[in-house]
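Numbering (my numbering), first residue to last: 4 to 297. Reading through the structure tokens given below for one structure.
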């Protein structure tokens, strides 16, 4: 009997144990811009439908980009199940755009968090290289309250002008992930990288053994077009400038670029209405299991 018990114990130790599946996302929500209102694409036109979409998706955690303080407040009011980490890029407080990490308050405990600038002086408010704007990467170390699983979530928005800034920013983010999270930790990196899958900065990120693009390893994939739409639902390309990278060895059951739209009901005539988009980017939805528990 003792021999059988010993054999059973050894067999149990040899079984691979996998972690939880998490639902992550990335969403550039389009900065508050008064000019957008002229085309009924202003923040007040879009806010409720966007938050309804996020609530329906039910992300466990997601990275957002181009978030001003007003937009952050509006989202938290409409999405009370979420909290966030991150600061404004222009003063390290509330000024300028955030690249916040949103997370479900009931599911996760924040163990550590912070923000660094994509520049030669990442520890302070600064412009980097040839960037047109200050750019940041915010991060959180999250612990699942139920399963106790821990991972790091990094979220960024790279410059839209500076070629050097994007190249060096990618290198900096990888270096910071190594410095902050260490070699063994599970990591997710989301963002609007302003480069697609053919660009040098993208190649820099996936050239290491640390991170992989969730798009390529997904068991099921729905991505019929681009991730940037410029508020035009008929725009088409195969360019993906928004990305979700995950730790090498992760399992991704699904990857979706959600081409959601809505109708402006006050334009309704003879059963037809104007089609509008919640943002000039589509949200990404990725379901990830980081793999073996250590």
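Cβ atoms here follow ideal geometry from the backbone N, Cα and C, with glycine treated the same way. Just so it is clear, the structure is predicted and the values come from calculations on it, not from any experiment.
Item: Touch test, the region 170–184 against the region 230–248, Cβ-Cβ under 8 Å, three pairs minimum; Value: no
Item: Delimiting residues of the alpha helix (DSSP H) encompassing residue 76; Value: 72–81
Item: Inter-stretch contact at 8 Å, needing at least 3 Cβ pairs: the region 275–288 / the region 27–39; Value: yes
Item: Residue 42 versus 281, 292 and 293, residue with shortest Cα-Cα distance; Value: 281
Item: Inter-residue Cα distance where the pair is residue 279 and residue 269; Value: 12 Å
Item: Unbroken stretches of the alpha helix (DSSP H), 4 residues or longer, contained in the region 210–279; Value: 217–220
Item: Cβ neighbours of residue 147 in the same chain (closer than 7 Å, five flanking residues each side left out); Value: 23, 110 and 111
Item: Residue 121 in three-state terms, based on DSSP; Value: coil
Item: Contact under 9 Å by Cβ, residue 215 with residue 64; Value: no
Item: Rounded C-alpha distance that separates residue 169 from residue 150; Value: 36 Å
Item: Check whether residue 118 and residue 99 have beta carbons under 9 Å apart; Value: no
Item: Three or more C-beta pairs below 8 Å linking the region 91–106 and the region 133–142; Value: yes
Item: Counted within 10 angstroms of its Cβ, other Cβ atoms place residue 225 as buried (16 or more) or exposed; Value: exposed
Item: Beta-carbon proximity list for residue 96, same chain, < 8 Å, skipping 5 on both sides; Value: 90
Item: Buried versus exposed, by CB contacts within 10 Å (16 or more), residue 233; Value: exposed
Item: Nonlocal neighbours in the same chain, by C-beta distance under 6 Å from residue 222, ignoring five residues either side; Value: 256
Item: Identity of the residues DSSP links to residue 288 by a beta bridge; Value: 28 and 259
Item: Best match in 265, 35 and 196 for proximity to residue 244 [C-alpha to C-alpha]; Value: 196
Item: Reduced DSSP secondary structure (H/G/I, E/B, other) of residue 282; Value: coil
Item: Beta-carbon gap between residue 176 and residue 208 smaller than 9 Å; Value: yes
Item: Buried versus exposed call for residue 121 [16 or more other C-beta atoms within 10 Å across all chains shown]; Value: buried
Item: Rounded Cβ spacing between residue 158 and residue 66 (contact assumed at less than 8 Å); Value: 3 Å
Item: Neighbour-count burial assignment, residue 38, 16 or more Cβ in a 10 Å radius; Value: exposed
Item: Selected residue, minimal CA-CA separation from residue 134, among 172, 156 and 153; Value: 172
Item: Bridge partner(s) assigned by DSSP for residue 115; Value: 144
Item: Distance CB(residue 267)-CB(residue 48) smaller than 9 Å; Value: yes
Item: Ranges of the alpha helix (DSSP H) found wholly within the region 180–205, counting only runs of at least 4; Value: none
Item: Host alpha helix (DSSP H) of residue 58 (start-end); Value: 46–60
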